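Heads up: the sequence shown runs through residues 355 to 814, numbered per this note's numbering.
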Amino acid sequence: MRPFEIVFATLAVLAVVWPRRWTGGRKVVGLALLPATAIHLTTEGWRWQMVPLYLIGSLLFAVAAWEMLSPAPESPQPSGLARSLGVIGLSAVVALPAVVPVWELPEPTGKYGIGTIETVIADTGRRDPYDPEGRARRLVLQVWYPADPARNADPEPWLEQSDIVGPAIAETFGFPSFALGHSDLINSHGYSQAAIAGTGEFPIVIYSHGWKGLRAAGLDQIEELVSHGFIVVAPDHTYGAAATAFPDGELVSYEPSALPEFGTVPDEDYDEAALLLVDTFAADLAFVMDELERLAGDPAWLLSGRMDLDRIGLFGHSTGGGAVVSVCAVDDRCDAAVGFDPWVEPVPTQILEDGFDVPFLAIRSEEWLGYDNDPVLQRFALRSSKTDLLGLMGAGHQDFSVLPRFSGVSAVLDLKGSIDSDRAAEIVNTYLVLFFEAELNGGPDVSSDPLFEEVCIGPC
């Protein structure tokens, strides 16, 4: 909970449990709920998780005000049982905003500030296989870059257009549409159109999210890379993302038929859909590289002359990780690759059999080490000359994204593993930065070293 939310909740609890012999103090505490609420609302902003507490606080304030102003004798104090029941009920109300917090992204550790811009790109030479009208494939593309520290500006939100994207994401995962209504209170560390830092060119890293993910799912990793001097580019894979919001307000939700629930269709139909999905993601990544080359030659482009197109790395999670393998196997613009639980089962068979010589680091969660995907990944690694396999013990599949931060009970909901989210981010971000520093900037090779006690090497 945020500071003034804690103050508000503490006052509400005190107003209920205050000893009956100190009635004057109880009234003061009850009356203090009004200014505490005002400060909280003006400095932190309201959110739906606090609504029950707002209602109870209003009632406690009204009772305190009535007792303070009424000339009549004080009403009898509630019994110990009634007071205990009140505390139990109030505790449940206070638990809601604590369990569903306004979480924060980890503070980037590098020396650079973060700037960001957004654009839309269209691959006119490729029909979108999921678009009901058969239109050209369109992507919302966001770029983050090393920037001078922002002055007199507000950071960009974690989730762009959260008023329409938030409800769509919530409904995608079976939650009420208002469940992510507090997303607009979650800030990134990036600033729109901030001045790019320094001089010279920066290496480029492209991020690919997983099935029903979105580019913001890896924002902590993106910001960490940018703070260390990388330009990071990420598309929302339209129809494969939980929701894609175009700047004009058009909202495209994910297409369920793009990857049917396993077991609901014949195996051959599922495999065909999975192959098409990974191939579509991979084609998106290749097209992003095409567009970066085009934009680099546009003098009006903010980053024109600052992108080093001879140093390009890619990283992805799950389906995005499989797409990274697919595109790096055939596109020599890819200089290095990282996969977080890379889903390689749908990668074309020829690529899996041939392997590749692109430096590749695969970090797998403990959850996915036991799945059929891992033996496929291990065989691919044996056929590849520069591939390292690491395992993150205690991690679940979603610990490579920000999803576990949404709730304090994410582990109970099977949305994360046993590892602490901040610890998981520290480990993942450390390897991510050091790997790309080694492969794109000539730094020391540490990809195969167990830098943390939670990390294992090889098959694990």
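Glycine included, C-beta positions come from ideal geometry on N, C-alpha and C. The model shown is predicted, which means the values in this text are computed figures rather than measured ones.
Let me know if residue i comes out buried or exposed under the rule of 16 or more other beta-carbons within 10 Å of its beta-carbon.
i: Arg737; result: exposed
i: Asn727; result: buried
i: Met422; result: exposed
i: Ile666; result: buried
i: Ala507; result: exposed
i: Asp590; result: buried
i: Val474; result: exposed
i: Gly781; result: Going by the sequence as given, residue 781 is Ile instead of Gly. Result: buried.
i: Trp420; result: exposed
i: Val766; result: exposed
i: Ala628; result: buried
i: Val441; result: exposed
i: Phe556; result: buried
i: Ser680; result: buried
i: Val405; result: exposed
i: Lys465; result: exposed
i: Arg505; result: exposed
i: Gln752; result: buried
i: Ser424; result: exposed
i: Ala490; result: exposed
i: Phe789; result: buried
i: Asp708; result: exposed
i: Ser412; result: exposed
i: Arg718; result: buried
i: Ser755; result: buried
Could you name the residues of the same chain whose beta carbon sits closer than 7 Å to that of residue i, not counting the 5 residues immediately before and after it, in chain order?
i: Ala452; result: Met355 and Gly762
i: Lys740; result: Asp711, Val712, Pro713 and Phe714
Since residue i sits in a beta bridge, which residues does DSSP pair it with?
i: Gly759; result: Checking the displayed sequence, the identity of residue 759 turns out to be Arg instead of Gly. Per DSSP, none; premise fails for Arg759.
i: Arg718; result: Gly745
i: Tyr545; result: Gly469
i: His671; result: Phe694
i: Ser412; result: BP columns for Ser412 are empty, so no partner.
i: Asp477; result: Arg491
i: Ile811; result: Leu744
According to DSSP, is residue i part of a helix, a strand, or is it coil?
i: Asp662; result: strand
i: Thr391; result: helix
i: Phe600; result: coil
i: Glu553; result: Before going on, a small fix: residue 553 reads as Thr here, not Glu. It is coil, neither helix nor strand.
i: Val698; result: coil
i: Val497; result: strand
i: Thr592; result: coil
i: Glu472; result: strand
i: Pro451; result: helix
i: Pro530; result: coil
i: Tyr561; result: strand
i: Val361; result: helix
i: Ser607; result: strand
i: Val587; result: strand
i: Pro511; result: strand
i: Ala765; result: coil
i: His582; result: coil
i: His751; result: helix
i: Thr618; result: coil
i: Met355; result: coil
i: Arg505; result: coil
i: Phe790; result: helix
i: Ile540; result: coil
i: Thr463; result: coil
i: Ile518; result: helix
Tell me which same chain residues have a C-beta within less than 6 Å of the C-beta of residue i, skipping the five on either side of it?
i: Leu743; result: Ala716, Ala735 and Gly812
i: Leu568; result: Asp590, Ala595 and Ala596
i: Gly797; result: Glu791
i: Ser607; result: Ala522 and Ala597
i: Ala418; result: Lys381, Gly384 and Leu385
i: Arg777; result: none
i: Ala691; result: Leu668, Val678, Cys682, Val712 and Phe714
i: Met643; result: Arg687
Is there a Cβ from chain D that is less than 8 Å from the Cβ of residue i?
i: Cys682; result: No chain D is present in this structure, which holds just one protein chain.
Which same chain residues, not among the five before or five after residue i, have their C-beta less than 8 Å away from its C-beta?
i: Val684; result: Ile705
i: Glu514; result: Glu472, Gln496, Ala570 and Ala599
i: Thr526; result: Lys566, Ala596, Ala597, Ser607 and Tyr608
i: Ala446; result: none
i: Asp652; result: Ser658
Could you give the C-beta distance for residue i and residue j, rounded to a whole number, given that I count them as a contact under 8 Å?
i: Arg759; j: Leu539; result: Actually they are not in contact, since the Cβ atoms of Arg759 and Leu539 sit about 13 Å apart, beyond 8 Å.
i: Phe415; j: Leu387; result: 5 Å
i: Ser542; j: Pro509; result: 6 Å
i: Ile558; j: Leu646; result: 7 Å
i: Thr634; j: Pro483; result: 6 Å
i: Thr348; j: Arg480; result: Residue 348 falls outside the range modelled here, since the chain spans only 355 to 814, and no answer is possible.
i: Leu365; j: Ala390; result: 6 Å
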